[in-house]
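Residue 1 is where the sequence shown starts when you use UniProt numbering, and the numbers rise one by one after that.
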Amino acid sequence: MPLKLVLRPGEKLIVNGAVIGIGDHPVSLFFYNKVNFLRGREILKEENCDTIEKRLYFIIQLIYIFPEDAATNMEHFGTILEEARIQHPDKAALFDEVRSLVQEGNNYRALKLCRKLFDIKETADAPAAPRPPVEVVRRRRRIPAPAAEE
């Protein structure tokens, strides 16, 4: 059974190291064999790697997308993982799971697990976002959102 991806207009995708851009219309892609891919929202750029968790995610991303350089990147992975263990000894079990997933070749699952590390951290560090005003459409009549209480 093929893997189906539905991509939005303007979205980017990396497939086996090649960057693919989507045009003006939604696109459905079907993959009938094994393929390494990341959607644009899952891709972390090197200049955004400002924490050890993001550096760990980035090196796993390189191992996943560019398997021809995996040997070199695995060495860097080991170094970064040890740095992460030193900085966050409370997350040792999570780092063990990431290591075992990468060693088994389940790099996409390792990326998903690693992404949780910095998503949780950013959520905890970030101030609460203000709630945007919401409009409700009822019977073709717009009812504005109530004023925000302060």
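Glycine included, each C-beta is placed from N, C-alpha and C at the ideal position.
Treat the numbers as computed from the prediction; the structure is a model and nothing was measured.
Here the C-alpha atom of K34 lies approximately 29 Å from the C-alpha atom of A93.
In the DSSP assignment, L29 forms a beta bridge with L5. K45 and T51 have their alpha carbons spaced roughly 13 Å apart. One Cα belongs to I59, the other to P67, and the distance between them is close to 12 Å. Non-local beta-carbon contacts of L101 in its own chain, meaning distances under 6 Å to residues more than five positions away in sequence, involve R109 and A110 in chain order. For the pair R85 and F118, the Cα-to-Cα distance works out to about 14 Å. Excluding its 5 nearest sequence neighbours in each direction, L81 has C-beta neighbours in its own chain below 8 Å: L56, F95, V98 and R99, listed in chain order. F30 and I63 have their C-alpha atoms spaced approximately 23 Å apart.
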